[in-house]
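Input: a single structure, listed below in structure tokens.
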Amino acid sequence: MATEMREVVRMSAVLLLVAAAWTQAGAQSYPSKQMTLVVPFPPGAATDVFARAAGRRMGEILGAQIVVLNRDGASGAIGTEMVAKSAGDGYTLLWGSSGPLAISPVWTEKVPYDPLRDFAPVSLFAKIPYLLIIHPAVPARNVKELLVLARAHPGKLNFASSGTGGTAHLAGELFKSMTKIDIIHVPYRGTSLFVTELIGGQVDLAFAGPTSALPHLAPGRVRALATSGARRSEMFPDVPTMSEAGVAGYEFTQWYGLLVPAKTPREIVNTLNATLLKAMNDPDVKKRIAGEAAAPAQGTPDEFAAYLKSELQKNAKMIRDANLKRE
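This is the structure in structure tokens:
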């Protein structure tokens with residue numbers, strides 16, 4: 285009996301060594317074929333712009349072709365689910381963003397994936413802040429004056445967004461929650477429409493993407509009071525952060541990053557992380573990031589995993605505190 289047990293232990297040890305050798309060999313030969321980078325949104329958006337720039341350079345570094353596949357639909361859920369259910373072999377990657385990964389899972393009960401269970405984060409890539417913009421007729425030159433006005437007239441001011449449950453909406457809800465003001469949400473079907481309505485004076489204020497607001501700032505059609513990022517934007521260096529403007533601790537950004545299926549070997553995750561970080565030093569990639577008024581946000585896989593978890597917790601709390609109706 286003892287002899288048999290020793291043989292079982294010996295064979296188990298041999299199998300473990302063989303498995304480790306195969307894993308190491310696979311990691312060393314990776315990649316050995318074409319890779320697919322799934323973007324769960326249509327071509328042309330910031331998600332797509334970033335993915336194509338980073339994917340091109342990563343492919344050059346790895347010596348493999350990376351094909352960008354736009355699989356849009358259901359607010360990013362279709363493409364995200366596709367990667368979640370794909371083989372964890374390092375050949376199907378997700379260019380993820382805050383909407384499908386950190387908002388939809390706590391906003392709706394219909395998301396067909398678990399962002400924490402089904403993915404292995406590789407690295408953050410960039411964060412795009414929002415600008416708090418107001419119509420020039422609103423008698424407030426800064427955030428403090430806007431808060432005084434809102435508190436003096438509860439329920440009278442309104443803020444626009446591109447739709448209920450979207451990032452611009454939640455940026456406004458976080459602002460309401462942290463400042464204890466009563467302003468009314470007015471949802472529109474798309475960013476261009478709500479910016480047009482703001483310019484026309486139909487709404488008072490909004491949290492808008494930098495590139496959407498930029499054409500209207502110099503002519504004075506809208507006025508920027510603050511940026512929602514942790515640091516000032518290089519595109520708008522004179523616009524203070526929300527913390528600088530008086531709302532300490534406020535930060536809300538649209539973020540982007542690279543993820544793979546959860547069962548992907550850690551060696552491959554580490555290879556992709558090192559490759560993406562190297563790609564982010566490429567001049568063209570830097571240009572694409574700056575062109576979207578974004579800030580680079582690279583880090584380790586563990587840091588990205590912790591950040592994703594914290595974002596889910598923050599957004600869930602925000603939705604509860606604002607008593608928003610889940611879809």
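Residue numbering for the sequence shown follows the numbering used here, beginning at 285 and increasing consecutively. Just so it is clear, CB atoms sit at the ideal spot from N, CA and C, and this is done for glycine as well.
For residue 351, the uninterrupted beta strand (DSSP E) run begins and ends at 350 to 354, by DSSP. Taking the CA atoms as reference points, residue 563 sits about 18 Å from residue 381.
In the same chain as residue 326, and ignoring 5 residues on each side of it, the C-beta atoms closer than 8 Å to its own belong to 332, 354 and 356, in chain order. Residue 364 is not a Cβ neighbour of residue 414, given a cutoff of 8 Å. Secondary structure at residue 442: strand, using DSSP grouped into helix, strand and coil. Judged by DSSP in its simplified three-state form, residue 545 adopts strand. Counting other Cβ atoms within 10 Å of its Cβ, residue 435 stays below 16 and is therefore classed as exposed. The Cβ atoms of residue 591 and residue 408 sit closer than 8 Å to each other. Annotation: residue 405 to residue 481 spans about 38 Å, alpha carbon to alpha carbon.
Looking at 495, 499, 584 and 505, the one whose alpha-carbon comes closest to that of residue 487 is 505. Contact check for residue 314 against residue 374 passes: the beta carbons are separated by less than 8 Å. Considering only 322, 454, 350 and 437, the residue with the shortest C-alpha distance to residue 595 is 454. Judged by beta-carbon spacing, residue 329 lies beyond the 8 Å limit of residue 457, meaning their Cβ atoms are not closer than that value. Secondary structure within the segment 410 to 490: the beta strand (DSSP E) runs of 3 or more consecutive residues, fully enclosed, are 415 to 418, 442 to 445 and 468 to 471 (chain order). The beta carbon of residue 366 sits closer than 7 Å to the beta carbons of 322 and 355 from its chain, once the five residues preceding and following it are set aside; these are given in chain order. For residue 323, the enclosing beta strand (DSSP E) begins and ends at 319 to 323. Nearest to residue 462 by C-alpha distance, out of 471, 552, 534 and 578, is 534. Taking C-alpha positions only, residue 524 is separated from residue 536 by approximately 14 Å. Shown here for residue 422: same chain residues with a beta carbon closer than 6 Å to its own, the five before and five after excluded, namely 488 in chain order.
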